[in-house]
Amino acid sequence: MSAPGNPPAQRTSATTDSEQQNGATKAAGITAGRYIGQRTPRKEDPRLLTGRGQFVDDISLPGMLHIAFARSPIARGAIVSINIEVARDVPGVHAIYTQEDLASFKVDMISFFLVSPDIKTTPLADGRVAYVGEPVAMVIADNRYIAEDAASLVEVEYAEEDPVVSIGDARTGPIVHPGTEDNIASQMGEEEIEEELAAALKSAPHLITHKVVHQRISQSPMETRGVVVTREGAQELTLYITCQSPHLVARWVSLALGLPQTAIRVIAKDVGGGFGLKNHPWKEETAVILAALLFDRPLKWIEDRYENLTASCQAREQEMVLQVAFDNDGRLLASHGDYSVNNGAFPQLSESNIAVHMFLWAAHKMPAYGFLTRGWYSNTPGYAAYRGPWGMETLIRETALDVAARRIGIDPIEIRRRNLLRLEDQPTESCMQVQLEDITPAECLDKLLANFDVAEFRTEQEAQRKEKRYLGLGIATYIEPTGGAGSIPTMTGELAQVRIEPTGKVTATMSTHSQGHGTATTMAQIFADRLGVSYEDVTVFEGDSSRGGFSPGAAGSRQGVIAGGAAIMAADLLAARVKQLAAHVMDVTPELITMDDGMLRVEGNAEKSRSLAEIANIAYGEPDRLPAGFESGLEAQYRYQPPPMTFSSAANACIVEVDAGTGFVKILRWISSEDCGTAINPSVVEGQISGGLAQAIGMVLMEKVGFDERGNPTAATYKDYHLPAISDIPDFEFLHASTPSQSVGGMRGVGEGGAIIGVPTLVNAIADALVPFGEVPVELPLTPTKLLSVIEGRDLGEKPAGEQPVIAASQPVRVEVTPAVITTDESTAARIDGDWNMALSTPMGAQEMTGHFETSGEALSGYLSSPEGQMAFTGTVTGNKLQFDLRVVKPMKITLKYNLEVNGDRIAGKCKMGIMGSMKVSGQRAP
Amino acid sequence: MSTHNIEMTINGRRHTGAVEARVSLADFLRDGAGYTGVHLGCEHGVCGACTVIVDGRAVRSCLMLAVQADSSTITTVEGLAAPDGTLHTVQQTMMDEHGLQCGFCTPGIVMTMAALTAGGKKPTEAQLLGALSGHLCRCTGYQGIRRAAQRLTATDSREIRGGEE
């Protein structure tokens, strides 16, 4: 059967057609040049295609020894004893270390935000284990074979305890980390829906309550984690490590270990994929670094796939319930989201993912939204990022819109059109105060529908259903925040340093880092274009912390946007210098000089011209011929600070057939219509989107990190953890809108979008196909077994009792307020007055502060002091309860509303921070 | 652990070594012979990154012991391009079609394509795509790999650059 709909759109349509200059062209977009906008071959390919790449396992140093870890076989319990004697006697073993041996180092296992963890996190297990696979001991041996032999002989006696595995377990089960009050790693928002919002939801003509369960995902880069560490002097460390930014690793190691960054060099020339797993070192990498300092020999650890699938940090595993209220025309009225994410035992950050809520309705005309968002500790591997970490917002919104459309009885495309912001609605601000100036999801949808005949598909769908063949169409739109810079300490601008060598060739060092992104290609395209030289004459260096400057590398779809802007600015600075010198040498004005093909020509005077190499030779070697005040050499650098955020938009469609006999899903067609502004290299852009879409297909149909009830991983190899193969992925068709962004060059980020929008696109197509049988519960992955249960009307009922509270908390809740017991009162002052050490839990980590309180009857006064300063307040006291407001202006204007309660020497409560929701406050009386 | 003397021809050069019986061919090629283009992605025969050509057939070198390859003739990805650096047809086609991103799975994919097209053979698209379904790539979504494969099949008459082995 041929794919329904009209003939495929041009598989690769150029981004540069003027008709695709979609709408507002107010910004600094650059038009296609000789290289920018072209499908230039990649600089990286010849080396990678001939086996000459340099990945971390390719590094071999004289005297290097190998490491294997002994890992916990249980999910939760105390370590009773460790016996290394038998293992140590294996010939070829040099040393075995446990946490006791590493304890002399003060290690702060900071997050990507450079914040200390809320819970004690050590490189090797310290007295207790908290997940199956947690490293307990490390063996240093002649080779990996011997190291693994010995690791299996490390004898550890455990006192096993019942583990907390799922989010449901975390709500009701035992405490994962002794000493904490509950299993909540991070929480924001309101525990009860605010009255006004609850009323708006309740009174709406249509209220949809929609639940999504997203399975746990292994990022699964084809190259596992790995590190080679060598100590080169008293404090000099060189690390070869698979990572997303050598600069970030150097900064992390410096801060985590308390070493001067000047002594650390991090090299990562080629990296086999990152996808969020390789943002910074974690337990194993840190243990190897410490072991290298202790043992004083170069050490190598290369994670094997079994370790990668079972003991590396993992991602997703979320549950969310979304309520959405509509009027009779399908227009949005109000919404509330209750989100939970499993953080595992030692997350790379305590994550409750505020971004899910920030962006959920940002592209829509949504009057009111409220939320509760929580991250939960469990006895499983820790949480880390995965491409589009906030992707739940698009998944739950887009699937809810389809459910609503079916419920209300309008077309799923129409319900989107009625609610999406269009360019003419902007600038505007979302109900979560996200500023929107130039998003184009509605316009991407228009473009998509102009290239796909929905009516024709519906006719064919109807005809096929009569033949008992079930076709489905899924549509989704989204926006994605990209190129973020300035809100988080590690999300900085990018640096470009470029020079024209005395030979006339161009070399540049960039703060970027490629794990397949092709930045050495796209940046070279920009330099060649802006400096008028051939692409072959430009070389871009990256992947070494001793070159370029700080940037987080591949994180948050940023490199094309920010580094692209930096490359343009640096190239233009350098071009101006070249022209100044050439004009001086040729005795004309700089405005008359053109740079092209490695030549400098004078407009209107064909006789006069010089090669770039001649001018470069003068610049470096003949100081007497330089203009007065001209710095010798031809070099420039620029660190580009872009607008705080740049949005990309997209609309996708896919068509599936679900086999009603087997539950098997076949993807027949997939069209991506995206707006990433200026595409430096459309093949690189499409490569990013395709890779993301393939990961989305994996999430919907195949991939799952599972655990049994004891917390044992059930997917330990690629035979159990199913990555999509070529036979699972269809041809993707691309449509490009190219609305230039506000950033220099007009680029928009494109790294994560496919992995975000692909998931609801495919889910919606499957749900559409199975409409004759009923709604498909969105519990990923949608395996044939699950789809058959819908088709055959069976309830497979994977509903553990622990899930109940999610639904309960998400209903409009009537709060029973018990009047506070007011005990009178000569002791109020004694109970409350004085100094309290308190901590405010924020997504950026715990903010420590001291509170000073003075009471006089029901009046409260005092101040809060923190390293940022001291702020006074007045408020009220009712019994044990304190209430006061603080107005702050940095980093944003916001009123902080504190509600605290004193019980003996403890103080606890909440601080409400405007749209950011409520955060926990806890503390005790200052000694 | 017993040690065995082995000898093989790798990329046209003679290599000898003394290996333990348990050493995989992949580890011998990487650590013993220095061909680090042989990549280990899973070490259990699923991802295909370690694929090399042993006596004319594409083989997962993580599932074969070095001692089993004694006396055999092996080609790794380092041995495909011409001595003057001209890329092999398969390599050139993968480059033309943007068939790679991080490049970690690439050597295995290239070796499977090279084995099936060796000596000017033109496999059908189904044969080539069937063989490639045994390779995992996490970056590309397989779009460029599929285009490259289609260009190497009998039904594609477009001229492609690059030299034969």
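Sequence lines, in order, name chains A and B. If you count by my numbering, then the first sequence holds residues 1 to 927, one letter each, in order. If you count by my numbering, then the second sequence holds residues 928 to 1092, one letter each, in order. For glycine and all other residues, C-beta sits at the position ideal for the given N, C-alpha and C.
- Message: Using the Cβ count rule (16 or more neighbours within 10 Å means buried), how would you classify A/N343?
- Response: buried
- Can you give the Cα-Cα distance for A/T823 and A/V902, rounded to whole angstroms? With a pLDDT of only 43 at A/T823, under the threshold of 50, the placement of this residue in the model should not be trusted, and no figure is reported.
- Using a C-beta cutoff of 8 angstroms, does B/P1010 count as contacting chain A? no
- Message: Can you tell me whether A/V930 is helix, strand or coil according to DSSP?
- Response: Residue 930 of chain A lies beyond the stretch modelled for chain A, which goes from 1 to 927, so this question has no answer here.
- Message: Counting only C-beta atoms, is A/Y240 closer than 8 angstroms to chain B at any point?
- Response: no
- Message: Suppose the cutoff is 7 angstroms on Cβ atoms and the five residues either side in sequence are ignored; what does the same chain contact list for A/A520 look like?
- Response: K43, E44, S514, V540 and E542
- Task: Can you tell me which of the three DSSP states A/D544 falls into?
- Result: strand
- Are the C-beta atoms of A/V271 and some chain B residue less than 8 angstroms apart? yes
- Message: Buried or exposed, going by whether 16 or more other CB atoms sit within 10 Å of the CB of A/P178?
- Response: exposed
- Item | Burial state of A/Q314 (16 or more Cβ within 10 Å) | buried
- Message: Counting only C-beta atoms, is A/D45 closer than 8 angstroms to chain B at any point?
- Response: yes
- Message: On a Cα-Cα basis, can you pick out the residue from A/G862, A/T842, A/E858 and A/S856 that is closest to A/T850?
- Response: A/G862
- Please compile the residues from chain B whose C-beta is within a distance smaller than 8 angstroms of the C-beta of A/E307. Neighbours of A/E307 on chain B: none; closest Cβ ~11 angstroms, over 8 angstroms.
- Message: I'd like the ranges of any alpha helix (DSSP H) spanning at least 4 consecutive residues and lying wholly in the region 532-595 of chain A.
- Response: 564-586
- Task: Run down chain B in chain order and give the residues with a C-beta less than 8 angstroms from the C-beta of A/E223.
- Result: H966, G968, C1029 and F1031
- Message: Taking only three categories from DSSP, how would you classify B/P1050?
- Response: coil
- For my contact list, B/Y1069 and A/I726 are in at a C-beta cut-off of 8 angstroms; report their separation, rounded to the angstrom. 4 angstroms
- Item | Buried or exposed by the 16-neighbour rule on C-beta atoms within 10 Å, applied to A/P135 | buried
- So A/P481 is in the beta strand (DSSP E); what residue range does that whole segment cover? Y470 to T482
- Task: Evaluate B/L984 with the Cβ neighbour count: other Cβ atoms within 10 Å of its Cβ, from every protein chain shown; 16 or more gives buried, anything less gives exposed.
- Result: Sequence inspection shows Arg at residue 984 of chain B; the Leu mentioned does not correspond to that position. So B/R984 counts as exposed.
- Query: Residues in the region 1041-1062 of chain B with C-beta within 9 angstroms of chain A's C-beta atoms, listed in sequence order?
  - Reply: L1056, G1057, L1059, S1060, G1061 and H1062
- Considering only C-alpha positions, which residue in the set A/V139, A/G127, A/A150 and A/F112 is nearest to A/L248? A/F112
- Query: Interface residues of chain A around B/T974 at Cβ under 7 angstroms?
  - Reply: Checking the sequence shown, residue 974 of chain B turns out to be Cys, not Thr. Within 7 angstroms Cβ-Cβ: M222 and Y718.
- Counting only the same chain and skipping the five closest in sequence on each side, list residues whose C-beta sits under 6 angstroms from that of A/K704. Q215 and P781
- Mind listing the chain D neighbours of A/Y145? Cutoff is C-beta to C-beta under 7 angstroms, in chain order. The displayed structure is made up of protein chains A and B, and chain D is not among them.
- Task: For the region 163-183 of chain A and the region 287-300 of chain A, state whether three or more C-beta atom pairs, one from each stretch, are separated by less than 8 angstroms.
- Result: no
- Item | DSSP-derived helix/strand/coil call for B/V946 | strand
- Message: What residue range does the beta strand (DSSP E) around A/K447 cover?
- Response: A/K447 -> not in any beta strand (DSSP E); alpha helix (DSSP H) instead, spanning P441 to A450.
- Task: Output yes if chain A places a C-beta closer than 8 angstroms to the C-beta of B/G1071; else output no.
- Result: yes
- Item | Alpha-carbon spacing of A/P641 relative to A/C676, whole angstroms | Reading off the sequence shown, one finds Gln at residue 641 of chain A, where the question assumed Pro. Rounded to the nearest angstrom, the two C-alpha atoms are 19 angstroms apart.
- Test: B/L1014 CB closer than 8 angstroms to a CB of chain A: yes
- Quick one: what's got a C-beta closer than 7 angstroms to A/T121's C-beta in the same chain, skipping five residues either side? M109 and F346
- Item | Rounded distance between the beta-carbons of A/L372 and A/E194, thought under 8 angstroms | About 11 angstroms; that fails the 8 angstroms criterion.
- Item | Assigned secondary structure, A/E950 (DSSP; H/G/I helix, E/B strand, else coil) | Nothing can be reported for residue 950 of chain A, as the shown portion of chain A is limited to 1 through 927.
- With a 10 Å radius around its C-beta and 16 neighbouring C-beta atoms as the bar for buried, classify A/P412 as buried or exposed. buried
- Item | Distance between A/P117 and A/S166 (C-alpha atoms, nearest Å) | 21 angstroms
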